[in-house]
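Right, one structure below, let's go through it.
Number of protein chains: 2
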Amino acid sequence: MRTLLNIDVAVEIMSKRIKIELKEEKLGLVEALYRVSSRDVVSEIDIPFFDRSYVDGYAVRAEDTYGASESNPIVLKVVGKAKPFSSGIVVNTGEAVKVYTGDPLPRGADAVVMLEDVVENGDKIYVLKSLGRYTNVAVRGEDISRGKVLISRGTLIEPKHLAALATVGINEVFVYEKIRICIICTGSEVVEPGAGDAEAILGRGLVFNSTGVLITSYLKTLGFVEPIYMGIVGDNQGDIASLVSKAVDLCHVIVLTGGAGPSDQDMAIDVVESLGGEIVVRGIAMRPGRPSSAGILNNKPIYMLSGFPVAAFLGLKYFVLPSIEKALGLHIPRKIVVAKLVKRVANVAGYTSFVRVKIHKCSRYLCVEPIAAMGSGTISTILDSDGILIVPANVEGFDKGDFVEVELI
Amino acid sequence: MRTLLNIDVAVEIMSKRIKIELKEEKLGLVEALYRVSSRDVVSEIDIPFFDRSYVDGYAVRAEDTYGASESNPIVLKVVGKAKPFSSGIVVNTGEAVKVYTGDPLPRGADAVVMLEDVVENGDKIYVLKSLGRYTNVAVRGEDISRGKVLISRGTLIEPKHLAALATVGINEVFVYEKIRICIICTGSEVVEPGAGDAEAILGRGLVFNSTGVLITSYLKTLGFVEPIYMGIVGDNQGDIASLVSKAVDLCHVIVLTGGAGPSDQDMAIDVVESLGGEIVVRGIAMRPGRPSSAGILNNKPIYMLSGFPVAAFLGLKYFVLPSIEKALGLHIPRKIVVAKLVKRVANVAGYTSFVRVKIHKCSRYLCVEPIAAMGSGTISTILDSDGILIVPANVEGFDKGDFVEVELI
Numbered sequence: 003m004r005t006l007l008n009i010d011v012a013v014e015i016m017s018k019r020i021k022i023e024l025k026e027e028k029l030g031l032v033e034a035l036y037r038v039s040s041r042d043v044v045s046e047i048d049i050p051f052f053d054r055s056y057v058d059g060y061a062v063r064a065e066d067t068y069g070a071s072e073s074n075p076i077v078l079k080v081v082g083k084a085k086p087f088s089s090g091i092v093v094n095t096g097e098a099v100k101v102y103t104g105d106p107l108p109r110g111a112d113a114v115v116m117l118e119d120v121v122e123n124g125d126k127i128y129v130l131k132s133l134g135r136y137t138n139v140a141v142r143g144e145d146i147s148r149g150k151v152l153i154s155r156g157t158l159i160e161p162k163h164l165a166a167l168a169t170v171g172i173n174e175v176f177v178y179e180k181i182r183i184c185i186i187c188t189g190s191e192v193v194e195p196g197a198g199d200a201e202a203i204l205g206r207g208l209v210f211n212s213t214g215v216l217i218t219s220y221l222k223t224l225g226f227v228e229p230i231y232m233g234i235v236g237d238n239q240g241d242i243a244s245l246v247s248k249a250v251d252l253c254h255v256i257v258l259t260g261g262a263g264p265s266d267q268d269m270a271i272d273v274v275e276s277l278g279g280e281i282v283v284r285g286i287a288m289r290p291g292r293p294s295s296a297g298i299l300n301n302k303p304i305y306m307l308s309g310f311p312v313a314a315f316l317g318l319k320y321f322v323l324p325s326i327e328k329a330l331g332l333h334i335p336r337k338i339v340v341a342k343l344v345k346r347v348a349n350v351a352g353y354t355s356f357v358r359v360k361i362h363k364c365s366r367y368l369c370v371e372p373i374a375a376m377g378s379g380t381i382s383t384i385l386d387s388d389g390i391l392i393v394p395a396n397v398e399g400f401d402k403g404d405f406v407e408v409e410l411i
Numbered sequence: 003m004r005t006l007l008n009i010d011v012a013v014e015i016m017s018k019r020i021k022i023e024l025k026e027e028k029l030g031l032v033e034a035l036y037r038v039s040s041r042d043v044v045s046e047i048d049i050p051f052f053d054r055s056y057v058d059g060y061a062v063r064a065e066d067t068y069g070a071s072e073s074n075p076i077v078l079k080v081v082g083k084a085k086p087f088s089s090g091i092v093v094n095t096g097e098a099v100k101v102y103t104g105d106p107l108p109r110g111a112d113a114v115v116m117l118e119d120v121v122e123n124g125d126k127i128y129v130l131k132s133l134g135r136y137t138n139v140a141v142r143g144e145d146i147s148r149g150k151v152l153i154s155r156g157t158l159i160e161p162k163h164l165a166a167l168a169t170v171g172i173n174e175v176f177v178y179e180k181i182r183i184c185i186i187c188t189g190s191e192v193v194e195p196g197a198g199d200a201e202a203i204l205g206r207g208l209v210f211n212s213t214g215v216l217i218t219s220y221l222k223t224l225g226f227v228e229p230i231y232m233g234i235v236g237d238n239q240g241d242i243a244s245l246v247s248k249a250v251d252l253c254h255v256i257v258l259t260g261g262a263g264p265s266d267q268d269m270a271i272d273v274v275e276s277l278g279g280e281i282v283v284r285g286i287a288m289r290p291g292r293p294s295s296a297g298i299l300n301n302k303p304i305y306m307l308s309g310f311p312v313a314a315f316l317g318l319k320y321f322v323l324p325s326i327e328k329a330l331g332l333h334i335p336r337k338i339v340v341a342k343l344v345k346r347v348a349n350v351a352g353y354t355s356f357v358r359v360k361i362h363k364c365s366r367y368l369c370v371e372p373i374a375a376m377g378s379g380t381i382s383t384i385l386d387s388d389g390i391l392i393v394p395a396n397v398e399g400f401d402k403g404d405f406v407e408v409e410l411i
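Just so you know, the protein sequences line up as chains A and B, in that order. Using this note's numbering, read the first sequence as starting at 3 and increasing by one per residue. Using this note's numbering, read the second sequence as starting at 3 and increasing by one per residue.
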């Protein structure tokens, strides 16, 4: 038996061999959603740009209010409104100016008394509260200070980043082109859903290709990837080689599913070698997903995954994507929860296990329930699951009651 | 002061008034990603369709192996391979048939002995282990049984659902058309990012519109919504009314930001009433987001949110979307974690607070750290946050050490 690589080692080895040159493009903000920034973006200005009021009320000089209280109201003269901004109004000693939330503070003022802390009476107000300097004031630059990095290179661009760019007046952002990933499914027994009467097709011993749609649609959820599904090809080395050659021209990355052994059917691996490619990873100590392999063909990374949907999905999520992200320096956030295990999960020595789990609220915590199933082809284990519990290769298992990390899917 | 509605009440009231008729469309699987199913989809077949092998090995009659062990191997005659399927091979007493993972079990066989539990010797195998019936066999229907609901009406379609549909041979699915949401930002002081030199624009007391891009891009992340951004309109009742009328023709839902009081500038509300609309919700006891209001105009729901980006975002996420989802019976999963609070969070009596938080791993748990900030316009509170902690109106606050629920954003 060949020694299988630990998954972290496999990711590391493959990432070092990947050379992908992504072009840059400049997009409008909403277009750039879920793309990856290709440059650091730094704010060139302070936000707020002026001291601004946090509340509706009156801009005052804080020292004018010292000692004010309900039993000792201090009277100030209202000399106008902060808006329009061009009025250039100034607050002198003994004066106040009406402001609304967000208004720039008029010159001279250094605090804002809230409406509920004054009694209004014509052109006078009675201040019922003593204010410190900058009370209810957003100080220049306190939200975004000049020089703050709003997005760093390699960051997945989320709505919050776009809002930050807009705030400082930026309406375009440099991003990487989408990573084109070609998907080829192999297997003479595999047919596309919709190809005919399901009972008749299954009755002939064929199976519908669920792996293709699972991989393609999952990649589509990542906005920075353009999945290109190239269809099914039978177990014929020449046919596979011909489609792989097309994919190498078209895509940055090629993913083959099926025919990846280790059994006596390592056809995908033979194809890559026959085309002059080099196999870099041949089998990973992961469950499911043991056949996961990878190589370099014409300077392009090519991955060979199980034909079974769940094993292929886990190979994609925990081997293919991490190795590409690492090679390119991308930071793609993951949604992780820590929760209490309701029953023991055993591991197979030396293997990293990817256990599909359900999550529910239980007493003070979230609880994690493993979904028992043996087969890597068992679609119900992901249909019913909320997340993936990773049991590292050096861990014998987790006990009931242990707190474990689960990635939400 | 007007009494503000509790947010749950506001969602409930508004949801009962919403009448949106969404058309159905039939899409291919990958196209249907993140759309909402408009019908239940039930499997008409069993998966696996036959008893199948879980492993590489030999299909046998379990009773032939009774008593087998390493010290008492039992010999069986290999009579062929399970494939091609059309061979119609049968396993009789004393016989075995080579199978690979996923192969249908040949007639007569009811268990599979794994390769590592046999010694192969020409056309004979020595079985080293006693097997029970269905050992290493996926029994017909154990993954998906005929009649199982694969997607129920109103479900957000994720990759796992598409894989399940493909598995049973389905390649098209009925979904609702996208919910068109028109977004109009109001405010004479608001300009689009990119409109000119940022310092000069901010220096005139204007602000860049970050609310529009935040709302639009967040809605775009929901695949079942088509956001239509209609731009900025100044604080002029006639201009706002004219754009709102266009939006009513174009969209299922209208969202206005800015000018929603409660201050002395309830212009959005005046516009809706002037066009013959009815205000259903006027202000919500939420922090931030107090101005959040809603009404019905020409049978369309129209929402009025704060002009400040964070308040508008929270109003959208916790008022607008839940009321629409409830009205339409949609089930949109949320990513919730339960984690330990590292410092006290106080609440204002009667208000539901939405606290932006950072999450990090700490000892056994995840820990939650509130991001301190006063202003609802403070973009850094969402730029730096991982999630939202909701403090319900009837809770005075949470103590340090409490386990709290946080929605990941």
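Even for Gly, the Cβ is constructed at its ideal location relative to N, Cα and C.
Start-to-end residues for the alpha helix (DSSP H) that takes in residue i
i	result
residue 442 of chain B	Nothing can be reported for residue 442 of chain B: it is not among the residues displayed for chain B, which extend from 3 to 411.
residue 248 of chain B	239 to 252
Beta-carbon gap between residue i and residue j smaller than 7 Å
i	j	result
residue 218 of chain A	residue 32 of chain B	yes
residue 213 of chain A	residue 311 of chain A	yes
residue 114 of chain B	residue 129 of chain B	no
residue 277 of chain A	residue 299 of chain A	yes
residue 210 of chain A	residue 171 of chain B	yes
residue 325 of chain A	residue 13 of chain A	yes
residue 282 of chain A	residue 261 of chain A	no
residue 237 of chain B	residue 308 of chain B	no
residue 20 of chain A	residue 329 of chain A	yes
residue 363 of chain B	residue 371 of chain B	no
residue 1 of chain A	residue 161 of chain B	Nothing about residue 1 of chain A can be read from this structure; chain A reaches only from 3 to 411.
residue 166 of chain B	residue 381 of chain A	yes
residue 60 of chain B	residue 146 of chain B	no
residue 62 of chain B	residue 84 of chain B	no
residue 178 of chain A	residue 24 of chain A	yes
residue 135 of chain B	residue 64 of chain B	yes
Three-way DSSP call (helix, strand, coil) for residue i in this model
i	result
residue 36 of chain B	coil
residue 18 of chain B	helix
residue 161 of chain B	helix
residue 312 of chain B	helix
residue 166 of chain A	helix
residue 297 of chain B	strand
residue 225 of chain B	coil
residue 23 of chain A	coil
residue 266 of chain A	Reliability fails at residue 266 of chain A, whose pLDDT of 44 lies under 50, so the model's placement of it is uncertain and the value that follows must be treated cautiously. It is coil, neither helix nor strand.
residue 384 of chain A	helix
residue 478 of chain B	This structure gives no information on residue 478 of chain B, because the portion of chain B shown stretches from 3 to 411.
residue 231 of chain A	strand
residue 12 of chain A	helix
residue 190 of chain A	coil
residue 102 of chain A	coil
Residue range of the unbroken beta strand (DSSP E) whose run includes residue i
i	result
residue 200 of chain B	Segment 200 to 205 is the alpha helix (DSSP H) holding residue 200 of chain B; no beta strand (DSSP E) there.
residue 305 of chain A	302 to 307
Do the stretch 349 to 361 of chain A and the stretch 393 to 405 of chain A meet, that is, are 3 or more Cβ pairs less than 8 Å apart?
With contact defined as three or more Cβ pairs closer than 8 Å, the stretch 349 to 361 of chain A and the stretch 393 to 405 of chain A are in contact.
Can you give, in chain order, each stretch of the alpha helix (DSSP H) that sits fully within the stretch 322 to 361 of chain B and has at least 4 residues?
Listed in chain order, the complete alpha helix (DSSP H) runs (minimum 4 residues) inside the stretch 322 to 361 of chain B are 323 to 330.
Secondary structure, beta strand (DSSP E): runs of 3+ residues fully inside the stretch 108 to 178 of chain A:
Every unbroken stretch of the beta strand (DSSP E) spanning 3 or more residues and falling wholly within the stretch 108 to 178 of chain A is given here in chain order: 113 to 116, 120 to 123, 126 to 129, 151 to 153, 174 to 178.
Decide if the stretch 71 to 78 of chain A is in contact with the stretch 171 to 184 of chain A; the criterion is three or more beta carbon pairs, one per stretch, under 8 Å apart.
By the Cβ rule, the stretch 71 to 78 of chain A does not count as touching the stretch 171 to 184 of chain A, because fewer than three pairs are nearer than 8 Å.
Which full runs of the beta strand (DSSP E) of 3+ residues lie inside the stretch 67 to 91 of chain B, going along the chain?
Fully enclosed beta strand (DSSP E) runs of 3 or longer: 76 to 83.
I'd like to know if the stretch 230 to 248 of chain B and the stretch 51 to 59 of chain B are in contact, where contact means that at least 3 CB-CB pairs between them fall below 8 Å.
In short, these stretches do not touch, since the Cβ pair count stays below three.
Cβ contact (3+ pairs, closer than 8 Å) linking the stretch 135 to 142 of chain A and the stretch 195 to 209 of chain B
Counting Cβ pairs under 8 Å, fewer than three are found: no touch.
Contact between the stretch 25 to 45 of chain A and the stretch 153 to 160 of chain A is defined here as three or more beta-carbon pairs at a separation below 8 Å; is this criterion met?
Result yes; three or more Cβ-Cβ pairs closer than 8 Å.
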